[in-house]
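Colleague:
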Amino acid sequence: HLVNKYGSQGIYFIGDNFTINKKRTIEFCRLLKSELDIEWICDTRADLVSRDLLKEMRAAGCRTIWFGVESGSPHILKKLNKGVSLEQTVKAFKLCIEEGIQLSCSLMLGIPGETVSDMKATFNFAKKLNPDWIHFNIFVAYPGSVLYDEVIKNGLYDRFEDFVAYVKTNDFDYNLLLKLQRKFLRDFHRLPKSILRKIMRDGFLAVLRRNLEI
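Just so we're on the same page, this note's numbering is the position in the sequence shown counted from 1, plus 487.
1. Tell me which same chain residues have a C-beta within less than 6 Å of the C-beta of glutamate 637, skipping the five on either side of it?
2. Should the stretch 603-623 be regarded as contacting the stretch 667-677, the criterion being three or more beta carbon pairs within less than 8 Å?
3. Return the residue from the list Lys565, Trp527, Ala608 that minimises the CA-CA distance to isoleucine 501.
4. Is the stretch 544-552 touching the stretch 582-597 in the sense that three or more CB pairs, one from each, lie closer than 8 Å?
5. For lysine 655 and cysteine 516, I'd like the C-alpha separation in whole angstroms.
6. Roughly how many angstroms lie between the CA atoms of asparagine 504 and glutamate 557, to the nearest whole one?
7. Are the beta-carbon atoms belonging to isoleucine 513 and leucine 540 less than 8 Å from one another?
8. Classify leucine 692 as buried or exposed, calling it buried when 16 or more other Cβ atoms lie within 10 Å of its own Cβ.
9. How far does the alpha helix (DSSP H) with leucine 616 in it extend, from its first residue to its last?
10. So, helix, strand or coil for leucine 523, using DSSP?
11. I need the DSSP call for glutamine 496, collapsed to helix, strand or coil.
12. Quick check on the DSSP output: what are the complete alpha helix (DSSP H) runs of length 4 or more inside the stretch 497-583, in order along the chain?
13. Cutting at 6 Å between CB atoms, please list the residues of its own chain near leucine 664, excluding the five before and the five after it.
14. Once the 5 residues before and after glutamine 575 are set aside, which same chain residues still bring their CB inside 8 Å of it?
15. Tell me the residue span of the beta strand (DSSP E) that contains asparagine 590.
16. Mind checking isoleucine 563: buried by the 16 CB within 10 Å criterion, or exposed?
17. Terminal residues of the continuous alpha helix (DSSP H) containing phenylalanine 623?
18. Could you name the residues of the same chain whose beta carbon sits closer than 6 Å to that of alanine 628, not counting the 5 residues immediately before and after it, in chain order?
19. Got a sec? Which residues, its chain only, sit under 6 Å from methionine 544 by beta carbon, not counting five neighbours each side?
20. For the alpha helix (DSSP H) containing asparagine 657, list its first residue and its last residue.
21. Residue range of the alpha helix (DSSP H) that leucine 634 falls in?
In structure tokens:
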């Protein structure tokens, strides 16, 4: 409908775990391939992809997969109950690259219990992954979550707006998180291997303009 009526050239399937059911995902990809010639993006977890699945997805037009990597610190991932190891993430990224699927990832800064050293570990892990697109997001504690209760109980919020608590600890506050967010984003996009990958994808002039804007 979107393609035929509105001329859409791409679709973003929004949902945290697009590949949670491997059999269903493969069936969907084969159906999509038989009906439409279109590129699309999805979100999933690093422990929910495999080479055979990625082959089916790429053949059906999957251009980019967005992974919520969250942190480069094992103990912070454990605190988040992420259930995905750093090794699993590295393996998933490698498979995507080998199958011609572009990578996007989001990471968080300012998680309760995190230190500046942990955040630097996250940045270093991002450098290792070298995704096509990256977001460093400042952690917010949402009502109903375990971490929200911890933040409120221990008075760890720096700002409290619209029922969202921005975290502070002895190691950081909201202003420092903003500085680290900007620094990590700027430094990542100026890494030689990141620049080279983007030049190959988008062309030299486009990359030059973006880096001048950061």
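Note that the Cβ used here is the ideal one computed from N, Cα and C, for glycine as well.
Modeller: Taking the definition as stated:
1. Pro599
2. Counting Cβ pairs under 8 Å, three or more are found: they touch.
3. Trp527
4. yes
5. Straight-line spacing of the CA atoms in lysine 655 and cysteine 516 works out to 44 Å.
6. Rounded to the nearest angstrom, the two C-alpha atoms are 15 Å apart.
7. yes
8. Under this definition leucine 692 is an exposed residue.
9. Element bounds for leucine 616: 603-616.
10. coil
11. coil
12. 509-522, 538-546, 561-566
13. Leu596, Gly597, Ile625
14. Ala533, Asp534, listed in sequence order.
15. It should be noted that the sequence gives leucine, not asparagine, for residue 590. Unbroken beta strand (DSSP E) run through leucine 590: 589-596.
16. buried
17. Counting along the chain, phenylalanine 623 falls outside any alpha helix (DSSP H), though it belongs to the beta strand (DSSP E) covering 620-625.
18. Leu634, Tyr635, Val638, Ala652, listed in sequence order.
19. Closer than 6 Å at the Cβ level, and outside the excluded window around methionine 544, lie Cys516.
20. If you look at asparagine 657, you'll find it isn't in any alpha helix (DSSP H); DSSP assigns it neither H nor E.
21. 633-640
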